[in-house]
Amino acid sequence: MLKNHAKLERTAIGFAFAIMLVASIGGFIEIAPLFTISETVEDAPDMRVYTPLELAGRNIYVREGCYACHSQMVRTLQDEVERYGHYSLAVESKYDHPMLWGSKRTGPDLARLGDKYSDEWHVAHLLNPRAVSPQSVMPAYRWLLRNELKANDMPLHLRAMRKVGVPYTDAMIANATADTYGQANPDSGAADGFFERYGFDSNSRYFDGDKRKVTEMDALVAYLQILGELTDAADQTAGAANLENDAEGATQ
Amino acid sequence: MAEGENDLHTGRKTTGHEWNGIKELTTPVPKIVLFFLAVTFLVSLLIWVLAPTWPTGSAYTKGILGIDQRTSLETSLKRSAARTAPWRNEIEQSNFETIAQNTELMKTVRSHGARLFGDNCAMCHGADATGGIGFPSLVDDQWLWGGDPSTIMETLRVGINSTNDDTRISQMIAYGRDGILTLEQRRSVGAYVRSLSQSHEISTADIEKLEAGATIFAQQCASCHGPDGRGMQSVGAPNLTDDHWIYGGGSADIDETLRNGRHGVMPQWEKRTSATDRKILTLYILDLAEGAQ
Amino acid sequence: MISQLTKTEREIALLLTILLAISGSILGLMGRGDLLGYHGALLAIAGYALTFVLIKDHFDPEPGPKRIEKYYDDPIKVGIVLAIFWVVIGTFVGDWVAWLLVFPDATFDAGWASFGRLRPVHTSGVIFGFGGNALIATSFHVVQRTTRARLADRVSPWVVIVGFNLFCLMAASGYLMGITASKEYAEPEWYADIFLTIIWVVYFVLYMRTLARREEPHIYVANWYFLAFIIVVAILHILNNLAVPVSFGHAKSYSLFSGVQDAMLQWWYGHNAVAFFLTAGFLGMLYYYLPKRAGRPIFSYRLSIISFWGIVFLYMWAGSHHLHYTALPHWVQTLGMTFSIMLLVPSWASAGNALMTLNGAWGKVRDDATLRFMMVAAVFYGLSTFEGSFMAIRPVNSLSHYTDWTVGHVHAGALGWVAMITFGAIYTLTPWLWNKERMYSNKLIEVHFWLALIGTMIYVFAMWNSGIIQGLMWRAYNENGTLAYSFIESVAAMKPYYVARAIGGFLFFLGAVVCAYNVWKTIQLPAVAAKNPDKPPLPARGSPTALSAAE
Ligand code: HEM
Ligand code: HEM
Ligand SMILES: [Ca+2]
Ligand SMILES: [Ca+2]
Ligand SMILES: [Cu+2]
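Residue numbers (this note's numbering), protein chains in the order written: chain A, 1 to 252; chain B, 253 to 545; chain C, 546 to 1096.
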């Protein structure tokens, strides 16, 4: 053993190969099966993709580093499901490239945020968190309402997402820019066919309350409003009944 | 390997190699290291046998305990449900007055209600439920949709202008934006509205304006806010004669209300909370309101 | 410095800088209209500037044949100075970020000054800027001294140093502008990732070539760790950063993987960035500078072997402890937990090996703040790995995850271990590199030591407190079985600890400034010609010895 090691120490290339080999084992055994064990990601036939506006909002969420303070992953722990709602399923972040599960909760978890507050509240909160939540330590994001949303390259974004496996259709890609503006500007008629493409449950509103322009605020709020709403899979998992009935109130 | 020299301090030999003056001793691996390596391995082995661990291609070893984080969670939720069942049942089955008189139950209402309110409602209505700009106070004895407990509980279930199928719907018309009233007309009806709650001094110079305002009010506004401006709970139109304002009672605020209208949104809580929790919340805010008066 | 390069080396260097200028320009042109354009411009400007310098000094006299009798230390000096630059910047931003949680409105209504964008400037600044430069510089130093061979050539060390720092600049400036891939510790976007991959391959090849030229039959332990650091970081970096760019004119890309696979890959990376960047590399440092400074032989060669392979093998399984109770399947969590527990043994074996090496030199530890830095580092290394293994146990993690406890653990490791061992190495190395008798002021080293130690203690204790309180508040129940606190109450409860942390952090930052000053003054001391213990004689080159031929 010691002799062999003494030999290994005398060859740089051998040593390098040994390191590569020894270091590869763990990752391989833990990661490869995540692609082959089918129950890893649940089925969710009703799962919808992000609309271009929501995707743009998600990119703003990434850009501003919201994930540094907010998780999007309700763990399978009693206190968490009681506070935030049903625990997160793998399928719920199936179209998340990258995932935003987070590792720190300076602020609360956002996995089930969608539809919890009004658009007006989100705008007020993002403009000045302390106006609605005096003890908050969250930064203000006033520029979001000033910056108009740049969406002319949304088709490229959707195409890149399709390359990594998100089922955007040709029609979605072709209409991506119009859909982005149209979703935040429902009276404009810019997004004819938007609901056909993305489902009649999707939201089309003046998210930022400003009808004159489509801002980054529109996009971010549109994104925040569908967190946890892309699929109902969580309500249908085995045991979901327990979460709702047996433990009455064991939600939120 | 070539044996090196003796190290004076430890009495060990060095390995005989030297790198720019650094030498190594041949000290054997301390037993304790090997011992702990064995212990931690055995502990791990035990855990591997008990819990899901090793992938086998398209499946994985389930472990003889048959546990999984999701089933463990369900177990703990069931246990918790059993523990809270007594008071939950009692709250579910009793009517509001009975609960309000039961000090034991009200203790639960206050502690659980405070947490529910803090995590869900305080963001809009404020930690003490006194509201803020755009969000009504819940402790001011003024109710848009009615202040009896079952009405409040229903408001919580469906929300206002929310995504619930049964949502309460209300809208303050955008008289300016939609070109129904001119600026002049809006000014006078605004002044009239402010006079209702005596929120400003009225000078004689205003009299004419107020009269014009009163006429417009009767034509345009009374259908919702009532002929005397005391509001109508059937359409969620607020009372304009008190000095509680959702959006503020200054002339600029009222101008804004009249120009662009209002469309306050109260989210639905049916999807997020159980009926019991909504009942507790109702009792909680009524209790707060009582405390505030 | 260019006078150290031969004519051919100057030409190769010129070619490379022109290549950098051209590729920067192309990137800038493709990325005009996007934030990418700025980074193209950054690379182009760097390329043109370096080209200019190279052309300007192109006709300087060539170095004589004597050059091969000396170690090639210029890039090391630059690396050390850059490391010090980055630690001052990085801890300054760290403390700024800490104060932002006390005064959240101090953002001047500007995007770049908000918490979410500054935080990665801090993490990348200290880990990559400070840690990375320190590792590169010390690895160049250690590999030459322990092999008694010069660096294999004189161009690639510069490619590594300059390239790596350009990467760090792209990272930090990118976050401020809003360019980030959001994967923790892997935030830079695709083009920066590709750039770093190239730099890293050059680093690896240079290291291997230098090892191949060694005059010592055996490769010293420190080099095992540096090698593991270089190799494994390459593997991690490439796999975790696989992504499809929106276009070649966009900075933005979408990760190749999504959801649960992406999460596992990210934390396999994230955890092993800790293991191979913040641990293995710095163990390499420890294994050279500590015995050198203490003048003692390594306590046990056999223990070195076990702990090295234990660390290389076991660490790679532990990443899933960052995902306990999440949507990651339970079986992976079990693996992560159990391997983290086993990992404690080789970790403590390393710490123990270092501390036992000090046997016979404790008097020095008492008197010499530099050695004390390294001793304390080994202690904090032991402490943070113990804490880490403990936090990796699922039920413990259910409390600690998402809280400041993790941040406390991070900084016990980062401040106590990573930064302290580096300061020890810097104080050991600086006089050697610049041929000085000693550091400018030993008093200031002493001052720095106490600032760093007290700062670290305040930071870590504050975060343990806040983290555990936070975790307990989130899961506290009333006697009727309902949750006791709303989330915002836990936010409010953190305030005093955030203030304390920011004060502790400020002390630590001050220490870094003192270090910078001391090093600066040392460089200006008159050089001494006395025989330098750092320079084992270099054998004459040209006739390959039997050994390197056998490689
Ligand atoms: C002046 C000294 C320092 C201060 C005041 C400081 C402050 C901070 C703060 C405020 C955070 C954010 C924590 C949060 O999100 O709640 C942070 C994160 C971090 N810092 Fe530091 N830091 C310092 C030095 C360092 C050093 C020297 C290193 C590494 C060598 C380091 C590595 C990190 C890492 C890795 C994180 C991310 C932790 C996580 O995501 O859990 N820090 N630091
Ligand atoms: C035996 C060795 C170690 C083990 C088993 C270990 C384990 C852990 C665990 C369980 C976490 C918390 C994950 C979570 O709940 O999110 C963590 C976080 C972390 N540890 Fe360690 N740790 C070890 C050593 C170290 C050392 C020496 C450092 C040096 C700086 C370090 C740096 C970090 C960092 C930066 C994080 C934060 C990751 C993030 O969330 O951003 N760890 N570690
Ligand atoms: Ca983190
Ligand atoms: Ca808008
Ligand atoms: Cu880890």
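Note that the Cβ used here is the ideal one computed from N, Cα and C, for glycine as well.
Keep in mind the model is a prediction, meaning the values are calculated, not measured.
Proximal residues of chain B, C-beta to C-beta of residue i below 7 Å
| i | result |
| --- | --- |
| C/Gly1026 | Ser332, Arg335 and Thr336 |
| A/Ser133 | Met375 |
| C/Tyr770 | Near C/Tyr770 there are no residues of chain B at all, since even the closest Cβ is about 14 Å away, more than 7 Å. |
Under the three-state DSSP convention, the category residue i falls into
| i | result |
| --- | --- |
| C/Leu1092 | Annotation note: pLDDT 40 at C/Leu1092 (below 50); position unreliable, coordinate value reported separately. Helix. |
| C/Lys909 | helix |
| A/Gln252 | Reliability fails at A/Gln252, whose pLDDT of 39 lies under 50, so the model's placement of it is uncertain and no value is given. |
| C/Leu736 | The amino acid occupying residue 736 of chain C in the given sequence is Tyr; Leu does not appear at that position. Correct three-state label for C/Tyr736: helix. |
| A/Ala18 | helix |
| A/Met138 | coil |
| B/Arg514 | strand |
| C/Gly585 | helix |
| C/Met861 | coil |
| B/Leu538 | helix |
| C/Lys1080 | coil |
| A/Ala247 | Low local confidence applies: a pLDDT of 40 at A/Ala247 is under 50, so the model's placement there is unreliable, and no value is given. |
| C/Lys981 | coil |
| C/Lys837 | helix |
| B/Met424 | strand |
| C/Asn785 | helix |
| C/Ser845 | strand |
Host alpha helix (DSSP H) of residue i (start-end)
| i | result |
| --- | --- |
| C/Ala1037 | Phe1032 to Ala1038 |
| C/Val522 | For residue 522 of chain C there is no data in the structure shown, the boundaries of chain C being 546 and 1096. |
| C/Tyr522 | No answer is possible for residue 522 of chain C: the residues shown for chain C start at 546 and end at 1096. |
| A/Tyr206 | Looking at the DSSP string, A/Tyr206 is not in any alpha helix (DSSP H), and its letter there is neither H nor E. |
| C/Thr824 | Neither: C/Thr824 is in no alpha helix (DSSP H) and is coded neither H nor E. |
| B/Arg362 | Thr355 to Leu368 |
| B/Pro219 | This structure cannot settle anything about residue 219 of chain B, because the visible part of chain B is limited to 253 through 545. |
| C/Phe675 | Taken as a continuous stretch (DSSP letters only), C/Phe675 belongs to no alpha helix (DSSP H), as it is neither H nor E. |
Limits of the unbroken beta strand (DSSP E) element including residue i
| i | result |
| --- | --- |
| C/Pro665 | Run containing C/Pro665: none in the beta strand (DSSP E); it sits in the alpha helix (DSSP H), Phe660 to Ser669. |
| C/Tyr799 | Ser798 to Ser800 |
Neighbouring residues, chain B, relative to residue i (Cβ below 9 Å)
| i | result |
| --- | --- |
| C/Gly905 | Asp259, Leu260, His261 and Thr262 |
Closest Cα partner of residue i within the set the options
| i | options | result |
| --- | --- | --- |
| C/Gly635 | C/Phe648, C/Tyr617, C/Leu663 and C/Lys611 | C/Leu663 |
| A/Asp218 | A/Tyr181, A/Lys94 and A/Val81 | A/Tyr181 |
| B/Gln321 | C/Val955, C/His869, C/Leu903 and C/Thr883 | C/His869 |
| C/Leu960 | C/Gly639, C/Ser568 and C/Glu556 | C/Gly639 |
| C/Gly1000 | C/Phe1051, C/Gly815, C/Leu989 and C/Asn1025 | C/Phe1051 |
| A/Ala32 | C/Trp735, C/Trp813 and C/Val671 | C/Trp813 |
| C/Tyr834 | C/Ala923, C/Ile850, C/Leu714 and C/Phe1054 | C/Ala923 |
| B/Leu533 | B/Asn258, B/Thr355 and B/Ala374 | B/Ala374 |
| C/Ala896 | C/Phe884, C/Pro874, C/Ala726 and C/Met919 | C/Met919 |
Closer than 7 Å at the beta carbon, the chain C residues around residue i
| i | result |
| --- | --- |
| A/Arg59 | As written in the sequence, residue 59 of chain A is Asn, which differs from the Arg given in the question. Neighbours of A/Asn59 on chain C, chain order: Lys797. |
| B/Ile299 | Thr879 and Thr883 |
| A/Asp79 | Trp1019, Arg1020 and Leu1028 |
Contact list for residue i against chain C, beta-carbon separation under 8 Å
| i | result |
| --- | --- |
| A/Val41 | Gly804 and Val805 |
Contact list for residue i against chain A, beta-carbon separation under 7 Å
| i | result |
| --- | --- |
| B/Asp400 | Going along chain A, no residue has its Cβ under 7 Å from B/Asp400, so there is no contact; the nearest lies around 23 Å. |
| B/Pro280 | The premise fails here: B/Pro280 is roughly 10 Å from chain A at the closest Cβ pair, so nothing lies under 7 Å. |
Contacts of residue i in chain B (Cβ-Cβ under 8 Å)
| i | result |
| --- | --- |
| A/Gly165 | Neighbours of A/Gly165 on chain B: none; closest Cβ ~20 Å, over 8 Å. |
| C/Val890 | Val285, Phe288, Leu289 and Thr292 |
Proximal chain A residues relative to residue i, where beta-carbon distance stays under 8 Å
| i | result |
| --- | --- |
| B/Tyr312 | Pro33 and Ile37 |
| B/Gln321 | Thr76 |
Meets three-Cβ-pair contact criterion under 8 Å: the stretch 705-723 of chain C and the stretch 582-590 of chain C: yes
Contact the stretch 824-831 of chain C vs the stretch 962-981 of chain C: 3+ CB pairs below 8 Å: yes
Three CB pairs or more closer than 8 Å across the stretch 484-491 of chain B and the stretch 386-405 of chain B: yes
Cβ pair count under 8 Å reaching 3, the stretch 1029-1049 of chain C against the stretch 643-657 of chain C: yes
contact_flag[the stretch 148-161 of chain A, the stretch 43-52 of chain A] where n(CB pairs < 8 Å) is 3 or more: yes
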